[in-house]
Structure formats: C-alpha cells, structure tokens
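As structure tokens, the structure follows; a few thoughts come after it.
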Amino acid sequence: MKLLSVVVPCYNEQENIADFYNELLKNEPFLKEKDIELEIIYIDDGSSDNTQEEIVRLHEKDARVHLVGFSKNFGKESAMYAGLQKSKGDYVVIMDCDLQDPPSLLPEMIKAVMDEGYDSVATRRVSRKGEPPIRSFFARMFYKLINKISNAEIVDGARDYRLMTRKFVDAVLSMEEYNRFSKGIFGWVGFKNKWIEFENIERRKGETKWSFWKLFVYAIDGITAFSTTPLAMASVFGMLCCLVAFCFIIFIIVRQLTVGDPHGEVGWASMASIILFVGGLQLFFVGVVGQYLSKTYLEVKKRPLYIVKEEL
Ligand code: UDP
Ligand code: MG
Numbered sequence: 363m364k365l366l367s368v369v370v371p372c373y374n375e376q377e378n379i380a381d382f383y384n385e386l387l388k389n390e391p392f393l394k395e396k397d398i399e400l401e402i403i404y405i406d407d408g409s410s411d412n413t414q415e416e417i418v419r420l421h422e423k424d425a426r427v428h429l430v431g432f433s434k435n436f437g438k439e440s441a442m443y444a445g446l447q448k449s450k451g452d453y454v455v456i457m458d459c460d461l462q463d464p465p466s467l468l469p470e471m472i473k474a475v476m477d478e479g480y481d482s483v484a485t486r487r488v489s490r491k492g493e494p495p496i497r498s499f500f501a502r503m504f505y506k507l508i509n510k511i512s513n514a515e516i517v518d519g520a521r522d523y524r525l526m527t528r529k530f531v532d533a534v535l536s537m538e539e540y541n542r543f544s545k546g547i548f549g550w551v552g553f554k555n556k557w558i559e560f561e562n563i564e565r566r567k568g569e570t571k572w573s574f575w576k577l578f579v580y581a582i583d584g585i586t587a588f589s590t591t592p593l594a595m596a597s598v599f600g601m602l603c604c605l606v607a608f609c610f611i612i613f614i615i616v617r618q619l620t621v622g623d624p625h626g627e628v629g630w631a632s633m634a635s636i637i638l639f640v641g642g643l644q645l646f647f648v649g650v651v652g653q654y655l656s657k658t659y660l661e662v663k664k665r666p667l668y669i670v671k672e673e674l
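Taking the numbering used here, the leading residue of the sequence shown gets 363, the next gets one more, and so forth.
And the structure:
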C-alpha cells in the first residue's frame, strides 16, 4: 500500500474547491487497482472569500481531505512549500485548484514513477491558446533569456503540476531559500525526470491571480534566483566603455598633434550625450546590484516562508 499526497494551493478559489475534488476522485478506480491511498492537502493561501469554509466542508465529509490555512496571502511558492512539508505520501503531486492541471493525466504520471523508474513526472503545455498574445510573447522571451543565462534547465510552458517521489520531495525541501522559484528548483535538483505534454486548458471558474506586473516581478525573481550573469554584465559593459574611451583619447591626442581641432569648442552636444549614456549605464547596473542585494537582505533575515493559522 502506497500513499499519494495531492497538494493544492488555493487563493480565492471558492467555486473550484468541490469541482477539483470531484474531478480528482474520478481517478479512484485506477488508484485502487494500483493499491494507492490518497491524501488531499488544500493550502488556503489567505483567501478572503469562502475557500476555507469549502475545504472544511469537504474535510467533514471525507477525512482524507486536509486544510492548511495561512495567516495571510504568502503566494503560491510558499503554499507549495508548505504542502510539500505537510505531505506524508510516498508520492506527492502538486496541482492547481482551477482544473488547468488536468487530473486525468494522473494515471499516466503514476505509471511513470511506479513502473518506469522515474523520480518525477513534470507537465508542460504545448500551446498557450486562450492567453493574451502579449503575455505569451513576453513569456517566451523570458524563457529564452533565462535559459541562456542560468545553469538550471527551465522549460518553456512548464507547469508546477508535477508528480514526485519522496526522494525528490526531500531534495526540494532541502533547498530552504526564501526567494523560491520552483520552476528552477525542480530543474536544479536533478534526478530522472519525464515530461508529459498537453494542450492549454482555460481556467474553469474565477479569475487568474497573475497580473502582468506580478508576472514581471516573478520573472525578475527567477533570474536573480538562478543566475548571476546580470552582475557579471556590469564588469563587461564597464570594460567596453573604458576601451571606447581609451580609443577616443588616443584619437584626440593624435588629431591635436597633427591637424589640430577644426571645430574648436562646439563639441558639447556629443559630450552631453556621452555623459548621459554612461550615467544611465551606471545607474542601471547599480540597480542590478541593488536587486541582488535586496534578495540577499531578505535571505539573511531568515523569515519563515509562511505562517499557519489553521490546520485540519
Ligand atoms: N495561488 C495561490 N496563491 C497566490 C496565487 C495563486 O495559492 O497568491 C494558486 C491559485 O489558487 C491556483 C494556482 O495558484 O490554484 C495558480 O494560480 P492561477 O490559476 O491564478 O495562475 P495561472 O494558472 O493563471 O498561471
Ligand atoms: Mg490557473
């Protein structure tokens, strides 16, 4: 008898809690056949609607349903971490509550870890239909960029929907960093991993919690968490500027000694542009250093990733 933990982060998902449960339980015949028991851990990430009440109602009906209620909204990364910590299963799967992670893929995923010897089975959507084109465009750019500059494999369209063995979960939990970027962490820990692809499914009910700005900040978090290339770029740009300046100086000295300066004192416009350009570049890189410094600052404080208010 094996235990499968299903971790479900929820933030204002009152309409989806019961639907998700019903959809998930459609896999019960398969689980019985494989002799797998189920535990469902809903993480209420500080919802302001009736999400918690809905979960409690399910818990009263079915003791396999558990609730971890946060004291406020800590974000999906914290919710996933809490879920992994609370899970007791030999296998753990993380799934969104809005049914964008189809539970019908579970049998295939379970077979891969039980029969084919994989340590984790990840999913990625191969299309982004139903998503605003501008969002898809920036998402693609982000994945191209981060894969160039980081050493973790971060797959375009990868979801957090992933089935893991206990070994894999323990590895993920051993990374206790405050700035969590799970898409990177999952790739970084290694192990034998299988990818399953599926067509994008639109959210069943309610609204996405990700605004464009939130996604932008998330992208910056991802880059600072898994790459230090932007820091190194400062040195490269600095050296390039010095080289150009050096060439200019040589050019001016040689010109002065040979033909003299035919334009006299009228070079202020080009001078102003150069000062603005170099000043801008300096500020930009001070900003980059600031990003890393602020992340380090938060990391050093060692604040908890989440605070639990209620647990069932
Ligand atoms: N979520 C969460 N905390 C948050 C934001 C989102 O637990 O601060 C949950 C949300 O309830 C959902 C999952 O994370 O189950 C994915 O969120 P969403 O569907 O809004 O993202 P999208 O699918 O649009 O990327
Ligand atoms: Mg969603």
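Ideal Cβ positions, reconstructed from N, Cα and C, are used throughout, including at glycine.
None of the values given here were measured: they were computed from a predicted structure.
(request) Name the one or two DSSP bridge partners that Ser-597 has. (result) Working through the sequence shown from its first residue, we reach residue 597 at position 235. Under the DSSP definition of a beta bridge, Ser-597 lacks any partner.
(request) Find the nearest neighbour of Ser-489 within the set Ser-597, Arg-665, Gly-519, Phe-504, judged by alpha-carbon distance. (result) For the purposes of this step, residue 489 is taken as residue 127 along the sequence shown, with counting starting at 1. Ranking the options by Cα distance to Ser-489, first place goes to Gly-519.
(request) Would you decide whether Pro-391 is buried or exposed? Buried here means 16 or more other CB atoms lie within 10 Å of its CB. (result) Here residue 391 refers to the residue found at position 29 of the sequence shown. Label assigned to Pro-391: exposed.
(message) Can you confirm whether Thr-658, when its beta carbon is compared against all beta carbons of chain C, has any partner nearer than 7 angstroms?
(response) The chain labelled as chain C is not found in the depicted structure, where only one protein chain is given.
(request) Check whether the Cβ atoms of Tyr-373 and Lys-576 lie closer than 7 angstroms to each other. (result) Looking up residue 373 in the sequence shown gives position 11. Looking up residue 576 in the sequence shown gives position 214. For Tyr-373 and Lys-576, no; Cβs fall outside 7 angstroms.
(request) Could you tell me whether any non-hydrogen atom of the ligand UDP is closer than 6 angstroms to the CB of Asn-435? (result) Mapped onto the sequence shown, residue 435 falls at position 73. Checking the Cβ of Asn-435 against the ligand UDP gives yes.
(message) Using DSSP's beta-bridge definition, name the partner residues of Glu-559.
(response) Here residue 559 is taken as the residue at index 197 of the sequence shown, counted from 1. Per DSSP, Arg-486.
(message) Run the Cβ filter for me: residues under 7 angstroms from any heavy atom of the ligand MG, listed in the order they occur in the chain.
(response) Counting every residue whose Cβ lies closer than 7 angstroms to a heavy atom of the ligand MG, we get Asp-458, Asp-460, Gln-462, Arg-565, Thr-570.
(message) Less than 6 angstroms separating the Cβ of Lys-438 from some heavy atom of the ligand UDP?
(response) Numbered from its first residue, the sequence shown carries residue 438 at position 76. Yes.
(request) Please name the residue in Leu-366, Ser-466, Tyr-443, Leu-446 whose C-alpha comes closest to that of Phe-382. (result) Indexing the sequence shown from 1 puts residue 382 at position 20. Here the closest residue by C-alpha is Ser-466.
(message) Is Cys-372 close to the ligand UDP? I mean its beta-carbon at under 6 angstroms from any heavy atom of the ligand.
(response) Position 10 of the sequence shown, counting from 1, holds the residue named residue 372. Flag set: Cβ of Cys-372 near the ligand UDP.
(request) Pick helix, strand or coil for Thr-590, following the three-state DSSP scheme. (result) Position 228 of the sequence shown holds residue 590. It is coil, neither helix nor strand.
(request) Tell me whether the beta-carbon of Lys-671 lies closer than 7 angstroms to the beta-carbon of Ser-449. (result) For this step, residue 671 is matched to residue 309 along the sequence shown. For this step, residue 449 is matched to residue 87 along the sequence shown. Not a contact, by the Cβ cut-off of 7 angstroms.
(request) Under 6 angstroms Cβ to Cβ from Val-650, same chain only, skipping five residues before and after it: list those, please. (result) In the sequence shown, counting from the first residue as 1, residue 650 sits at position 288. The answer, listed in chain order, is Pro-592.
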